Amino acid sequence: MGTKVEAAHQMVVRAARIKDTGERNDLEAGMAKYLASEYCRDVVEDAFRIHGGYGFAKEYEIERLYREAPMLLIGEGTADIQRMIIGRRLLEMHADH
Numbered sequence: 001m002g003t004k005v006e007a008a009h010q011m012v013v014r015a016a017r018i019k020d021t022g023e024r025n026d027l028e029a030g031m032a033k034y035l036a037s038e039y040c041r042d043v044v045e046d047a048f049r050i051h052g053g054y055g056f057a058k059e060y061e062i063e064r065l066y067r068e069a070p071m072l073l074i075g076e077g078t079a080d081i082q083r084m085i086i087g088r089r090l091l092e093m094h095a096d097h
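Per our numbering, the sequence shown starts with residue 1, numbered consecutively.
Listed below in structure tokens is the structure:
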């Protein structure tokens, strides 16, 4: 779980650094958004399993995270849209080769 969080974080930081330079970063941003949302779902599901029955209790934050994590896959551009953005950009970049 920690590996997934760190990998997603590194991709977000890379996309942000490219944006800070003023360069086009739609590929890196799309990849970061896609990976982070997929990994978020995975990590939340794993944490939910670790909590067992307590995962349903409103007293634990995992209950809220389990409800909200799927929204990351459809909010701010669905995973399908992110994959299309990534694919188009990769095709553009490698069309000359």
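C-beta: ideal position from N, C-alpha, C; glycine also.
Fair warning: this is a prediction, and the values are worked out from it, not measured in the lab.
*alpha helix (DSSP H) segments (min. 4 residues) lying fully within the segment 12-85*: Considered as a whole, the segment 12-85 harbours 26-51, 61-68 and 71-74 as its complete alpha helix (DSSP H) runs of no fewer than 4 residues, in chain order.
*Buried or exposed by the 16-neighbour rule on C-beta atoms within 10 Å, applied to residue 86*: Translated into the one-based positions of the sequence shown, residue 86 becomes position 86. Residue 86 comes out buried.
*Going along the chain, which residues of its own chain have a beta-carbon closer than 7 Å to the beta-carbon of residue 83, five neighbours each way excluded?*
In the sequence shown, counting from the first residue as 1, residue 83 sits at position 83. Excluding its 5 nearest sequence neighbours in each direction, residue 83 has C-beta neighbours in its own chain below 7 Å: 34, listed in chain order.
*Beta carbon of residue 27, beta carbon of residue 88: below 7 Å?*
As a first step, residue 27 is located in the sequence shown; it is residue number 27 there, counting from the start. As a first step, residue 88 is located in the sequence shown; it is residue number 88 there, counting from the start. No, Cβ-Cβ distance for residue 27 and residue 88 is not below 7 Å.
_Considering Cα atoms alone, identify which of 39, 96, 11 and 68 is closest to residue 30._
The residue labelled residue 30 in the question sits at position 30 within the sequence shown. Selected option, being the one with the closest Cα: 11.
*asked:* Quick check on residue 7: does DSSP put it in helix, strand or coil?
replied: By 1-based counting over the sequence shown, the position of residue 7 is 7. Helix, per DSSP.
*Give me the Cα-Cα distance between residue 47 and residue 71, rounded to the nearest whole angstrom.*
As a position in the sequence shown, residue 47 is number 47, starting the count at 1. As a position in the sequence shown, residue 71 is number 71, starting the count at 1. Approximately 17 Å between the Cα atoms of the pair.
*Going by the CB atoms, is the gap between residue 44 and residue 66 shorter than 7 Å?*
Reading the sequence shown from its first residue, position 66 is the one you call residue 66. Reading the sequence shown from its first residue, position 44 is the one you call residue 44. Between residue 66 and residue 44, the C-beta spacing is below 7 Å.
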